[in-house]
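**Student:**
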Amino acid sequence: MSIELRVPQLPESVSDATVLSWHKQPGEHIDQDETLVDLETDKVVLEVPSPQSGTLTTIHFKEGETVQADDILGILEAGAGTPARQEQPPETPQADKEAPALSPAVRRLVKESGIDPSTIQGSGKNGRIVKSDVEAAIAAQKSGSQTERAVAPATPSPPPAAVATGRIEERVPMTRLRKRVAERLVEAQQTAAILTTFNEVNLQAISDLRVKYRDEFEKRHNVRLGFMAFFVKAAVEALKQYPIINATVDGDDILYHGYFDIGIAVSSPRGLVVPILRDADQLSFAAVEQRIKDFGAKAQDGSLSYEDLTGGTFSITNGGVFGSMLSTPILNPPQSAILGMHSIQQRPVAEKGEIVIRPVMYLALSYDHRIIDGRDAVQFLVTIKQLLEDPSRLLLEI
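Quick note on numbering that gives the first Met the number 0: the sequence shown kicks off at 0 and runs consecutively.
Below is the structure:
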């Protein structure tokens, strides 16, 4: 029985997708629920499983082509028989059997490098193989190859005339995510009146708290106590005091949000993504740290879902992890403000008439001046500064 393999319903606001990679070719056998093809959308990679066991007979869309919901991707001849061809060595079926456990990003890297995933020790949750595991295996493989070449008989170097000269260029198409990010950034610049206000925060009190309770916190909650939880909590309290910062422009109206869904900018192999901490005001410090940790892991192995990336009323981005001292973050539409964190530096600070050295961070708040006045933006950032410099305020909500 022939089965039409169709593009599933795409997430809301996503009109089409790109065929990222086929995991089977015509004539190859596939088991039910085994991933057949990956589709890349503006936000996430969708895995399309096989509805039944059988043999893939036809592919209608090649890798790189654009598809829409309900398009016919290919034809499957149903039946749980043996594969149509058995050209692979005995190890290959086992590797294929394990392949669905890999995320799309990891599978792509494994395919490009030619490394057998069964030889890689996973460091992710429940032994899951993540991108860094594959990269380490590739590095080890290259190191071994270089060693072999070092002991092999030297081959004569090509004459100078044979060496390629000139300036090399390479054209690489943008990923859908990169194109979408580019569109949204331009949209933000063209539609919003973006201003940025700055301040600095003395993080000595938070640093002392982390040192004092770090081990006990990690032992109890099985997650590290980082700076981000303090910033999320401070941002939520400041948003409660200045709700206009949490609002959005909707036509000629201002839409105030009575909830606090905080976007956390995360770097991924496919580009910048902003997963959402929903109802952040109801999360504990441990819950915030755990979810951010999970977001980072999912971003690296390409397993963030569309729901993880949808919505958000305010965003936080931390350029400090890359060494940034100061920057002006761009709004994440339709949000009206974004908080930029930066690197922590030991700086001289005046305290009680004395100069002392303290860990200081510069903060930046970019905001949409169409609905947010400078006074509100400045006072919002000052509130965050006060909450972080005296963390007891977070407990007392003052």
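Cβ atoms here follow ideal geometry from the backbone N, Cα and C, with glycine treated the same way.
Do Phe-197 and Leu-338 have their beta-carbon atoms positioned less than 8 Å apart in this structure?
**Tutor:** Not in contact: Leu-338 and Phe-197 (Cβ atoms no closer than 8 Å).
**Student:** Determine, using beta carbons only, whether Val-235 and Ala-279 come nearer to each other than 8 Å.
**Tutor:** A contact, by the Cβ cut-off of 8 Å.
**Student:** Taking the alpha carbon of Gln-378 as the point to measure from, which residue in Lys-232, Leu-238 and Gln-289 has its own alpha carbon closest?
**Tutor:** Minimum Cα distance to Gln-378 is reached at Leu-238.
**Student:** According to the neighbour-count rule (16 or more other Cβ atoms, all chains shown, within 10 Å of its Cβ), is Val-210 buried or exposed?
**Tutor:** So Val-210 counts as exposed.
**Student:** Does the count of Cβ pairs from the segment 248 to 259 and the segment 316 to 330 closer than 8 Å reach three?
**Tutor:** No contact exists between the segment 248 to 259 and the segment 316 to 330.
**Student:** Which residues mark the beginning and the end of the beta strand (DSSP E) in which Met-340 is found?
**Tutor:** Note, Met-340: beta strand (DSSP E), 336 to 340.
**Student:** Can you check DSSP and say which residues form a bridge with Met-360?
**Tutor:** Its beta-bridge partners are Val-200 and Ile-343.
**Student:** Does the separation of the CB atoms of Val-18 and Phe-60 fall below 8 Å?
**Tutor:** Against a cut-off of 8 Å, the Cβ pair of Phe-60 and Val-18 comes out as a contact.
**Student:** Count the other CB atoms within 10 Å of the CB of Val-6; is the residue buried (16 or more) or exposed (fewer)?
**Tutor:** The residue in question, Val-6, is buried, as its Cβ has 16 or more Cβ neighbours within 10 Å.
**Student:** Please tell me whether Val-359 and Leu-208 are closer than 8 Å, where the distance is taken between their beta carbons.
**Tutor:** No. Outside cutoff.
**Student:** List the endpoints of the continuous alpha helix (DSSP H) containing Ala-237.
**Tutor:** Element bounds for Ala-237: 227 to 240.
**Student:** Give the DSSP-derived three-state secondary structure of Tyr-366 in the structure shown.
**Tutor:** Strand, per DSSP.
**Student:** Quick check on the DSSP output: the alpha helix (DSSP H) that includes Phe-379 runs from which residue to which?
**Tutor:** Note, Phe-379: alpha helix (DSSP H), 373 to 388.
**Student:** In chain order, which continuous runs of the alpha helix (DSSP H) of length 4 or greater are located wholly inside the segment 242 to 304?
**Tutor:** Listed in chain order, they are 284 to 300.
**Student:** Per DSSP, which residues does Pro-48 bridge with? Please list them.
**Tutor:** Looking at the DSSP assignment, Pro-48 forms a beta bridge with Thr-34.
**Student:** Is the beta carbon of Glu-417 sitting closer than 8 Å to the one on Ser-20?
**Tutor:** Only positions 0 to 397 of the chain appear in this structure, which leaves residue 417 out of reach.
**Student:** Using a Cβ-Cβ cutoff of less than 6 Å, which residues in the same chain neighbour Lys-384 once the five nearest sequence positions on both sides are dropped?
**Tutor:** Asn-198 and Val-200.
**Student:** In terms of DSSP beta bridges, what is Phe-321 paired with?
**Tutor:** Paired residues: none, contrary to the question.
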